[in-house]
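A quick write-up on the structure given underneath.
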Amino acid sequence: MDRWAGEPRTGARSSRLGLLRDPDFPRLFLTTALGQLGDRLIFLALPLVAIVALDADEFQVGLRRPCRSARQA
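For the sequence shown, the UniProt record's numbering assigns the number 1 to the initial residue and increments by one for each residue that follows.
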């Protein structure tokens, strides 16, 4: 028996593809991946923009991290 659905298994292949057959899973996967990509891009790009465009020094760029943490709390 399949321990999650309570149904007997029909084969190893169908149990592996079960999640991929769910129509909501590709949307969930794509949105999660894009969100993580955007987070990493901002993590890298924001300090570079601060340095290049705003002429920020090391201390000002370093202050960005605690301010971001305080905003999320």
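The beta carbon of each residue, even a glycine, is placed where N, CA and C say it ideally should be.
What number of angstroms, rounded off, separates the C-alpha of proline 47 from the C-alpha of alanine 33? Sequence index remark: in the sequence shown, residue 47 carries index 47 (1-based). Sequence index remark: in the sequence shown, residue 33 carries index 33 (1-based). The straight-line gap from Cα to Cα measures roughly 22 Å.
Quick check: the Cα distance between leucine 63 and leucine 20, rounded to an integer number of angstroms? As a working note, residue 63 is residue 63 in the sequence shown. As a working note, residue 20 is residue 20 in the sequence shown. For leucine 63 and leucine 20, the distance between alpha carbons rounds to 43 Å.
Reference isoleucine 42; option with closest CA among Gly18, Asp55, Arg65 and Leu17: Reading the sequence shown from its first residue, position 42 is the one you call residue 42. The residue with the shortest Cα to Cα distance from isoleucine 42 is Arg65.
Work out the CA separation of phenylalanine 25 and serine 69 for me, nearest whole Å. Position 69 of the sequence shown, counted from the start, is the residue given in the question as residue 69. Position 25 of the sequence shown, counted from the start, is the residue given in the question as residue 25. Cα-Cα distance, rounded: 31 Å.
Please state whether DSSP places proline 23 in a helix, a strand or coil. By 1-based counting over the sequence shown, the position of residue 23 is 23. Three-state DSSP puts proline 23 in coil, outside helix and strand.
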